[in-house]
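See below for the structure under consideration.
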Amino acid sequence: MQLSHRFDISRNMDQSAALAALSALGQDTRLQAFRLLVKAGDEGMPAGEIAARLAVPANTLSTHLRIVEQAGLLRSQREGRVIRYFADFTGMRDLLAFLMEDCCGGRPELCAPVIEAVTCRC
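The sequence shown lines up with residues 0 to 121 when you count with numbering that gives the first Met the number 0.
In structure tokens form, the structure reads like this:
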């Protein structure tokens, strides 16, 4: 089944990087911010807008975003006085690939529902 090889495109994450990514997402505000940025797609979002949407003080959000960025799941870009954040889809893909590397004990048909669930429908 061809779907099983979709996640084989990247082997760029090791266990310590996966642990850092999972740890970064293991906190409510950071997970909400990451999901918000995934929804924003290629446009990303200014830090102030993320803070407003999540009702989090800007300095607190900055700390959270830095942790997720250091874990390889976000990237940022300065635009004058504003910092715009983006979900790093390569980092997200690498984490999913790491988690599913040995999926289903050689039975790719068991992985198909998981792969279908994470496939973008945009």
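Even for Gly, the Cβ is constructed at its ideal location relative to N, Cα and C.
Separation of residue 27 and residue 55 (C-alpha to C-alpha, rounded to the nearest whole angstrom) is 11 Å. Here residue 57 carries a helix assignment [DSSP, helix/strand/coil]. Counting the other CB atoms within 10 Å of its CB gives residue 29 a total of 16 or more, which places it among the buried residues.
Less than 8 Å separates the beta-carbon of residue 19 from that of residue 70. Between the region 103 to 119 and the region 72 to 85, the count of C-beta pairs closer than 8 Å stays below three; the two stretches do not touch. The Cβ atoms of residue 21 and residue 85 lie no closer than 8 Å to each other. Annotation for residue 43: 36, 83, 84 and 85 place their beta carbon closer than 7 Å to its own, counting only its chain and skipping 5 residues before and after. In the structure shown, residue 76 falls within a strand segment according to DSSP collapsed to helix, strand and coil.
Residue 117 and residue 58 have their alpha carbons spaced roughly 32 Å apart. In the displayed model, residue 83 falls within a strand according to three-state DSSP.
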